[in-house]
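What follows is a set of notes on a single structure, which appears directly below.
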Amino acid sequence: MKKYIDQGKKDTRSGFGAGLAEVGKTNENVVALCADLVGSLKMDEFIANNPERFFQMGITEANMMGVAAGMTIGGKIPFTGTFANFSTGRVYDQIRQSIAYSDKNVKICASHAGLTLGEDGATHQILEDIGLMKMLPGMVVINPCDYNQTKAATIAIADYKGPVYLRFGRPKVANFTPENQKFEIGKAIQLTEGNDVTIIATGHLVWEALKAAEALEAKGISAEVINIHTIKPLDKEAILNSVAKTKCVVTAEEHNYLGGLGESVARVLAQNTPTPQEFVATNDTFGESGTPDQLMKKYGLDDTAIITAAEKVIARK
Amino acid sequence: MSTQQLQDQVIQVRRDILRMVHKVSSGHPGGSLGCTEFLVCLYNKIMKHDTNFKMDGLNEDLFFLSNGHISPVYYSVLARNGYFPVNELNTFRLLDSRLQGHPTTHEGLDGVRIASGSLGQGMSVAIGAALTKKLNGENTTVYSLHGDGELQEGQIWEAAMYAAGNNVDNYIATVDYNKKQIDGATDDVLPLGDLKAKFEAFGWDVLEIHQGNDIDAILTGMADAKNRTGKGKPVCVLLHTEMGNGVDFMMHTHAWHGKAPNDEQLANALAQNPETLGDY
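For the record, the sequence lines run as chains A and B. Here my numbering is used: the first residue of the first sequence is 3, the next is one more, and so on. Here my numbering is used: the first residue of the second sequence is -13, the next is one more, and so on.
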């Protein structure tokens, strides 16, 4: 099985900050807006390089989404920055009407997604955002897995015309994908080859899936790990090709099983080739305070949970 | 264009509004009639704009309708000023039409740059467009129109605080100050208080047009508003209007906010506004 090496733990939000700084240099139409969370979103470098293209909005998230929509008229490419909760649930109607329905070229960049925001607790965590965003017609939904991929995704969405939701997180996690990779929106990445089970993971769960695959290999089970960084549009072909071989699937995400990646995969399978599936996701619950590691363990979002799910789904074949 | 010519278009737009909502027995004639003079003046005399529509609107003044429910007047004024064929007004609110119940860019209707209908969002959008014009080095003005009831939405005040705090001074927001909303008088539903004092307290330059249905008063007031741009503050115009203006039985009541006339009422209303530029 192909092995991946952690090049040193980094937070995905810093990958966003690095990517934003990069597009700030290469694309003069890129503007950035932030609702009083510049440090948390790692926007400092972009701001230092392009002070005239940065807009401090204050704590006006609804206003920020509308201003971003308006700024596209005349050719700007706005990147909005705040926590995932305040990027989606708080401003759903503003995104729906002024951005999605109006087909505006806004990049909604959402940090601190999922449980791994940690100690701030459920008011600041969000486990529903993928569902909220993927339901909006025309919205692209991206959840990269590590620093390098988040940086690449940030650069790629500047060149894509249309609304995008880019989701990333706070904790320092393994950085294992190639530096300066080319990011293709909607194109899944097969990380390992396997015959017994397909593990389709997104975001922070991709590294957990790789760890699980290694443990499964030791037990004589060969797992095919697919990194689905783009939840919408979903790479159906990659899913169907893998499942044709393995005949079962585990989906893994830092999100509620209702509305998440797992349901999108289940729909593809139900329509094309009904297949046993297990869901590694939160079970229709809010989060709580705790360290990221404690929370991921308690809510069943780690390598152990993926191993258990893989063994269960293989038995159902 | 003379005041008489503007008045002729006002009468024709009123007829369009009435006939559009009557045909589909739905839509919002009250606010539409109340803002007819304003929009006719805006598109004919006040804004520098190009009917060869481009979404980016570079080097032209832009208008955003935030209270999207008064789409009938918006559509009629856009059509009568050459953005799309006047005959298309016949498709208002029908299946497969570009003239949706509330304005949208989704069906590609020339003249419309943002969807509106869910209230309170247009001021933020207009501010964004104004910021881009500043970045692009333009010397142009962004206009928006809001219902007074719409000011009950919280996002308006986020936007108002932002615009003043960031000197968005190439922007004129106009409030259709008819003091009525669906459920009754704004004073009864949720009092707006002293709007002038509120916007001033937020840091805006505020002026009032007391005769908001009088063409000369609108032109004078909006010229004054334009003169106040570029001086560090966003400009707010409180446009005192009469909901349902030009149709006697629709005036002095909130009843026609979102109700279409029946056949008899339509005939009565049209008789009060004889054809000027030709019906569609």
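Beta carbons: idealized from backbone N, C-alpha and C, even for Gly. Note that the coordinates shown come from a computational prediction; the quantities given were computed from them, not determined experimentally.
With respect to 7 Å, is the separation between the Cβ of residue i and the closest non-hydrogen atom of the ligand GDP below this value?
i	result
A/Lys189	What this structure holds is no ligand at all, so the ligand GDP is not there to describe.
Are any of the Cβ atoms in chain A nearer than 8 Å to that of residue i?
i	result
B/Leu121	yes
B/Gly43	yes
B/Val221	no
B/Ser104	yes
B/Leu137	no
B/Leu95	no
B/Leu117	yes
If we define contact as Cβ-Cβ less than 8 Å, is residue i a contact residue for chain B?
i	result
A/Asn29	no
A/Gln279	no
A/Gly77	yes
A/Asp198	no
Could you please give me the residues that DSSP links to residue i through a beta bridge?
i	result
A/Asn258	A/Thr284
B/Glu194	B/Leu224
B/Tyr284	The shown model of chain B, from -13 to 266, leaves out residue 284 of chain B, and the question about it has no answer.
B/Asp162	B/Gly133, B/Leu225
A/Cys36	A/Gln58, A/Gly83
B/Ala253	B/Ala253 pairs with nothing; no bridge assigned.
A/Cys111	A/Gly83, A/Leu168
A/Asp13	A/Lys174
A/Thr321	In the structure as shown, chain A begins at 3 and stops at 319. Residue 321 of chain A is therefore absent and cannot be evaluated.
B/Ile100	None, per the DSSP bridge assignment.
A/Val143	A/Tyr167, A/Lys234
B/Gly264	In DSSP, B/Gly264 forms no bridge with anything.
A/Gly116	A/Ile128
Could you tell me which chain A residues have their CB closer than 9 Å to the CB of residue i, listed as they occur along the chain?
i	result
B/Asp234	Per Cβ cutoff of 9 Å: no residues; B/Asp234 is ~36 Å from chain A at best.
In chain B, which residues lie with their C-beta within 7 Å of the C-beta of residue i?
i	result
A/Tyr103	Thr90, His92, Ala101
Can you list the residues of chain B that residue i reaches, using a CB-CB cut of under 9 Å?
i	result
A/Lys44	Within chain B, no residue comes near A/Lys44; the closest Cβ sits about 23 Å away, beyond 9 Å.
Under 8 Å between beta-carbons, which chain B residues line up against residue i? List them in chain order, please.
i	result
A/Ser100	Ile100, Ala101, Gln107, Ser110, Val111
A/Gln96	Gln107, Ser110, Gln141
Rank the options by C-alpha distance to the C-alpha of residue i and give the top, closest one.
i	options	result
A/Ile75	B/Phe49, B/Asn213, B/Ile168	B/Phe49
B/Tyr296	B/Ile201, B/Leu256, B/Ala241	Residue 296 of chain B is absent from the structure shown; chain B starts at -13 and stops at 266.
B/Val223	B/Ala241, B/Ala203, B/Phe235	B/Ala203
B/Lys31	B/Arg99, B/Leu205, B/Glu228	B/Leu205
A/Gly261	A/Phe178, A/Ser224, A/Val143	A/Val143
A/Thr293	A/Ala124, A/Gly72, A/Ile79	A/Ala124
B/Asn164	B/His132, B/Gln141, B/Phe185, B/Ala149	B/His132
B/Leu44	B/Val233, B/Glu23, B/Lys119, B/Val175	B/Lys119
A/Gly68	A/Leu212, A/Arg169, A/Arg98, A/Gly41	A/Arg98
A/Glu130	A/Asn243, A/Leu117, A/Asn65, A/Met3	A/Leu117
A/Leu43	A/Phe170, A/Glu265, A/Ile223	A/Phe170
B/Ala255	B/Asp2, B/Leu(-8), B/Gln(-7)	B/Asp2
B/Gly151	B/Gln(-7), B/Gln197, B/Trp190, B/Lys184	B/Trp190
B/Ile195	B/Val161, B/Glu144, B/Asn231, B/Gly179	B/Val161
B/Asp96	B/Ala211, B/Gly198, B/Val72, B/Gly103	B/Val72
A/Asp105	A/Cys111, A/Pro139, A/Tyr259, A/Thr90	A/Pro139
B/His35	B/Thr91, B/Glu144, B/Tyr61, B/Tyr129	B/Tyr129
A/Leu271	A/Glu186, A/Ile159, A/Leu297, A/Lys238	A/Lys238
A/Arg15	A/Gly41, A/Ala102, A/Asp304	A/Gly41
For a contact meaning CB atoms closer than 8 Å, what does residue i contact in chain A?
i	result
B/Tyr148	Met59, Gly60, Thr62, Asn65, Val69
For residue i, return the contacting residues in chain A, with the cut-off set at a CB-CB distance below 7 Å.
i	result
B/Gly114	Gly68, Val69, Ala70, Ala71, Gly72, Met73
B/Glu144	Thr62, Ala64, Asn65
B/Leu64	Per Cβ cutoff of 7 Å: no residues; B/Leu64 is ~17 Å from chain A at best.
Notebook entry, point to check: In the region 151 to 235 of chain A, which residue ranges form an unbroken alpha helix (DSSP H) of at least 4 residues, counting only runs that do not cross its ends?
Noted result: 207 to 220
Next item on the list: Could you name each continuous beta strand (DSSP E) segment of 3 residues or more that falls completely within the region -13 to 26 of chain B, going from the start of the chain to the end?
Entry: none
Next item on the list: Would you mind listing the beta strand (DSSP E) stretches within the region 45 to 81 of chain B that are 3+ residues and don't spill past its ends, in chain order?
Entry: 48 to 51
Next item on the list: Starting from the N-terminal side, write out each stretch of the beta strand (DSSP E) that is 3 residues or longer and does not extend beyond the region 43 to 92 of chain A.
Entry: 56 to 58, 79 to 85
Next item on the list: Report the residue ranges of all beta strand (DSSP E) runs contained in full by the region 163 to 187 of chain B; include only those spanning at least 3 residues, in chain order.
Entry: none
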